[in-house]
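Here the sequence shown stands for residues 9 to 466, where the numbers follow my numbering.
Note that CB positions come from ideal geometry on N, CA and C, so glycine has one too.
Computed from a prediction, not measured in an experiment: that's the story for all the values here.
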Amino acid sequence: MGLEGAELNLRGKFWESEELIKKWDNEVPWVRIDELNDDLVGKEIQIKGWLFNKRSSGKIRFLIVRDGSGFIQAVMREGYTSPEAFQRYSELSLESAIIVRGEVRKDQRAPGGYELSVKDLILVFKTENYPIGKKEHGIDFLLDHRHLWLRHRKPFAVMRIRHTVVKAIREFFDSRGFLLFDAPILTPSACEGTTTLFKIDYFGDEMFLSQSGQLYAEAGALAYGKVYVFGPTFRAERSKTRRHLMEFWMVEPEIAYATLEDIVELSQELVEYIVQSVLDKNLRELEILQRDVKPLEKVKRPFPVIKYKEALRILDKLGVEYVPGDDFGTPQETAISNYFDKPVIITHYPKNVKAFYMKPDPEEPEYVLCMDMLAPEGYGEIIGGSQREEDYEKLLQRMLEENIPIEPYQWYLDLRKYGSVPHSGFGLGLERTIAWITKSDHVRVTIPFPRMLYRYKP
Ligand code: 4AD
Ligand code: MG
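Structure below.
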């Protein structure tokens, strides 16, 4: 069987090959590239995908085929491959949709361990002038073509790792008795300060896109004990750094009867679990990204835990400038995170640089019971969390001091009126965590369609 004209009539850019596709489906199994295994060696299968690349050396022609689950080299040999398919080689343009059938071969040198000896192929869709070529493209060009760029090797690897990270997070909390608790995206009040809110016109009322699900997670913790919110969050941050997105995903556990020490421990378990999951499942993807795995293998508990004041001493030692009493910015975070070869947790920041809901340290009330986790290799903050103020009067006092309007938070204050207990939680930023694990130079490549200060298309 081949690509005889009778079977394949060009209709627009689609090759009319439905009959042939059906025939093949009856003859050989369709296998996904990441499902190839030793039992299939020597068997005839078909792979449905797209032409990612090709090259020819005389009597042998190589196709790199991608099917979404991986990339494989499909080899066409004169005499073995059907003559029609062999001749089609020159017509096969990049990103044309093709179905290749042939025998699975083991090949140690191949990235996935297998290659396909092509017997025949169907051209399903002939692509003309695919805009992303073999040459190096600038980042702006690639981001403009993000919808197509996603098909390429590095985005493929990063998205697969993102999948693993999300799955690991859910497994982690689900297996520890946490209830998944969905916080609203449209919110009437701020969580992390009013300067970074996206305003929404809600039938004439002012609403905001959620900056954090935390306040709702607190209601969830007092209702169900242990919950986690996992969803998109929004910050209108006029920051153009490699760590900032306007829309990013955050997972936020919140636990009743938990103290700062409890979440300092839990956050370490979580991060160790995430990194270990990626090392278990994504070595191939890490290799595509040329990510040195040694630093990741070191991510084992216990992580260093230091107080803000100690962090200042480290900055002094390193000669990094800071304003005493201020929050850390990128230079300070980068310096401290480079100082350790594991994630480091910094606790007890000054009260006035942190959010209104954090509980002051009873021993030193100018500092709060909070924690930030900084990723190693200069990646900076990936987690922010705290023990929450559980006392009604103290919380109200703090809100008044900070000129926070009380009315929209009445429900939140209610939580301190009815069965209030100490409780704590934190938020882990998904994209920053993935940027670190994949050693990406910017968070924009860790989410399918990034929203940045000056970019919101496609
Ligand atoms: O430190 P943040 O602002 O903490 C909170 O929102 C708390 N309410 C969380 C809680 O206690 N439930 O944000 C938490 C994390 C940061 O450590 C960072 O990883 C990520 O969210 N993050 C961002 N990621 C990408 N782009 C941005 N603009 C981000 N802002 C915060
Ligand atoms: Mg923070």
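Given this structure, state the Cα-to-Cα distance separating residue i from residue j, to the nearest angstrom.
i    : j    : result
G212 : W257 : 28 angstroms
R251 : V112 : 43 angstroms
Y464 : F238 : 22 angstroms
S90  : M254 : 52 angstroms
H153 : I147 : 10 angstroms
V132 : I106 : 5 angstroms
Y420 : E214 : 19 angstroms
L44  : Q284 : 24 angstroms
A266 : Q395 : 8 angstroms
T241 : A198 : 12 angstroms
D422 : I193 : 21 angstroms
L304 : I296 : 16 angstroms
L323 : E329 : 7 angstroms
K367 : M379 : 12 angstroms
R321 : L102 : 56 angstroms
H145 : V453 : 15 angstroms
M407 : Y365 : 8 angstroms
K175 : Y88  : 43 angstroms
F164 : H155 : 12 angstroms
N17  : E92  : Below a pLDDT of 50, predicted positions are generally treated as unreliable, and N17, at 44, falls in that range; no measurement from the model is reported.
D449 : E385 : 11 angstroms
L483 : S345 : As shown, the chain starts at 9 and ends at 466. That puts residue 483 outside it, with no answer to give.
E371 : N360 : 16 angstroms
G233 : K315 : 28 angstroms
F149 : I169 : 24 angstroms
K210 : F181 : Contrary to the premise, residue 210 reads as Tyr rather than Lys in this sequence. In a straight line, the C-alpha of Y210 is about 34 angstroms away from that of F181.
Given that a residue counts as buried once 16 or more other Cβ atoms are within 10 Å of its Cβ, and exposed if not, what is residue i?
i    : result
F216 : buried
V429 : exposed
G78  : buried
A264 : buried
R40  : exposed
P466 : exposed
F189 : buried
L326 : exposed
E99  : exposed
E439 : buried
I414 : exposed
F311 : buried
D75  : buried
Y387 : buried
Y236 : buried
R299 : buried
R19  : Only weak support is given to the placement of R19: the predicted model assigns it a pLDDT of 39, under 50, and the value that follows is read from those uncertain coordinates. Label assigned to R19: exposed.
Y122 : buried
P458 : buried
K62  : buried
Y462 : exposed
A231 : exposed
S64  : exposed
Q276 : buried
Look at residue i and residue j and say whether their C-beta atoms are less than 8 angstroms apart.
i    : j    : result
V36  : R109 : yes
H356 : V376 : yes
L268 : S432 : yes
I282 : V352 : no
E280 : G221 : no
G392 : G337 : no
A225 : E262 : yes
E397 : L403 : yes
S218 : A191 : yes
E374 : P358 : yes
R83  : V126 : Looking at the sequence provided, one finds Val at residue 83 rather than Arg. Yes, these two residues count as a Cβ contact at 8 angstroms.
V49  : K114 : yes
Identify the residues that DSSP records as bridge partners of residue i: which are they?
i    : result
E260 : V237
T203 : The partner list for T203 (beta bridge, DSSP) is empty, contrary to what the question assumes.
H431 : A264
R74  : W58 and F79
V112 : V49 and L124
R63  : F70
T355 : K315 and M379
With hydrogens ignored, establish whether the beta-carbon of residue i is closer than 7 angstroms to any heavy atom of the ligand MG.
i    : result
E374 : no
E260 : no
D75  : no
D334 : no
E389 : yes
G239 : no
G392 : yes
Any heavy atom of the ligand 4AD closer than 7 angstroms to the CB of residue i?
i    : result
L436 : yes
L44  : no
E245 : yes
A165 : no
Q222 : yes
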